[in-house]
Amino acid sequence: MPKQALISNSEFEYIYEKWNKRVYHYALSKTSSTYISEEVVQRVFIKLWDNLYTKKVTVELESQLFCIARTTLLDILKEERKRQIILEEPYLQESVQTPSELYRLKEISAHYERVVDGMPPSRKRIFLLSRFDNLSYKEIASRLAISPKTVENHISLALKALKKIFFLFLSALLLFLK
């Protein structure tokens with residue numbers, strides 16, 4: 021038997037309209053990043069909605085929202101830091117010999133970031149859990165309460181998008197170098 025939400029959709033919309041700007045400004049005050057702040061708002065309200073299905077809300081709504089916002093912000097900052105660490109790996113720096121090679125590496129990194137950021141939120145999250153947290157398809161499926169086949173499909177679509185963009189980028193780069 022499906023669980024019943026503790027509030028209606030219209031009540032949730034009211035809560036979202038009332039609190040989303042405050043959650044956004046909280047995250048913005050901590051990071052100065054509009055991208056991260058928007059991501060925090062999205063994840064906070066998804067978690068709040070999930071909480072309304074899985075457990076009874078016993079604390080004041082404002083306290084719960086900002087507690088979720090704080091932990092969500094920390095999670096996102098960890099994800100961003102992992103991404104930066106990978107881009108700053110010593111083997112990448114050692115292999116870059118000239119300013120033009122460094123420029124190309126930064127261009128490729130920027131393209132990668134744009135492709136990943138342009139993915140639908142669920143696909144992006146699944147891809148990042150797979151590639152940056154090194155979780156198996158089964159672990160991701162368990163964490164997100166979806167099937168492993170869904171995880172596999174999202175990863176496949178994410179990799180196809182990356183391959184397509186990089187093929188176009190490298191083709192253009194080769195034409196430019198001729």
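Just so we're aligned, residue 21 is where the sequence shown starts under this note's numbering, counting upward by one.
Think of the CB as a built atom: it goes at the ideal place given N, C-alpha and C, for glycine as much as any other residue.
The structure presented is a predicted model; accordingly, all values stated were derived computationally and were not measured.
Whole-angstrom distance between L177 and I185, CA atom to CA atom:
Each residue's Cα considered, the two are about 12 angstroms apart.
Apart from the five residues just before and just after I160, which ones in its own chain have a Cβ nearer than 7 angstroms to its Cβ?
Only residues of its own chain outside the window of five on either side were considered, and among them I146, L149, S150, V171 have a CB closer than 7 angstroms to the CB of I160, listed in chain order.
Q104 versus T91, A130, V135, E80, residue with shortest Cα-Cα distance
Checked all of T91, A130, V135, E80; the closest Cα to Q104 is A130.
Using 10 angstroms around the beta-carbon of Y46, count the other beta-carbons present and answer buried if the total reaches 16, otherwise exposed.
With 16 or more other Cβ atoms within 10 Å, it is buried.
I think Y34 touches V61, with their Cβ atoms under 8 angstroms apart; what is that distance to the nearest whole Å?
Beta-carbon to beta-carbon, Y34 and V61 are separated by about 16 angstroms, too far to satisfy the 8 angstroms threshold.
Taking the continuous alpha helix (DSSP H) assigned at P141, which residues delimit it?
Taken as a continuous stretch (DSSP letters only), the alpha helix (DSSP H) holding P141 covers 141–151.
Can you tell me which of S167, W39, K158 puts its alpha carbon nearest to the alpha carbon of L81?
Ranking the options by Cα distance to L81, first place goes to W39.
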